[in-house]
Structure formats: structure tokens, C-alpha cells
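Under my numbering, the residues of the sequence shown are numbered 2 to 72, in order.
Following: one structure in C-alpha cells, then a few remarks.
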Amino acid sequence: SATAAPWTPDDHGKCQLCANKFTMVRRRHHCRRCGKLVCSSCAPKNNTKPIPELSMLEPVRHCKVRSKQAG
Numbered sequence: 002s003a004t005a006a007p008w009t010p011d012d013h014g015k016c017q018l019c020a021n022k023f024t025m026v027r028r029r030h031h032c033r034r035c036g037k038l039v040c041s042s043c044a045p046k047n048n049t050k051p052i053p054e055l056s057m058l059e060p061v062r063h064c065k066v067r068s069k070q071a072g
């Protein structure tokens, strides 16, 4: 069975995809598939899909990279 990727700690200061610093406006989000800490631009609110292999049957937020890989 698949296991979730370890999450990057919340105190990481910038997006792991675009390297923009997190601010009060640019909030951090964890990609539910890869565990990376990313900004809203790299994991848009409307970029959600279930991850049945991780028992996440409701749509959850993905980063753009993992969303494309998941199909």
C-alpha cells in the first residue's frame, strides 16, 4: 500500500517550486501528494483531486507538478 510523502516543516521560508518567500499574503500550503511546502500559485485552490491510493477519497490540494504527474 502507498504511504504519504513526509511533509516539509511549516517553518520553511519559501515555496519549494518557485522559491518565492511566504508572507501574510503569499500563504504556504502542503501538497497532499508530495508533501512539499508550496505557495498558492504553485498549488491553486481549484487544483484538487482525490488520492485513492492514500485513502484520500475527497479532493485535496496538489501542487502543479504532482497534479500533472497524477493525470
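From the three backbone atoms N, C-alpha and C, an ideal C-beta is built for every residue, glycine too.
By DSSP's assignment, lysine 15 forms a beta bridge with Lys22. Assignment of proline 60 by DSSP, reduced to helix, strand and coil, places it in the strand class. Serine 56 and tryptophan 8 have their C-alpha atoms roughly 17 Å apart. Under the DSSP definition of a beta bridge, lysine 50 partners with Val61. Residue state for arginine 67 is assigned as helix, using DSSP reduced to three classes.
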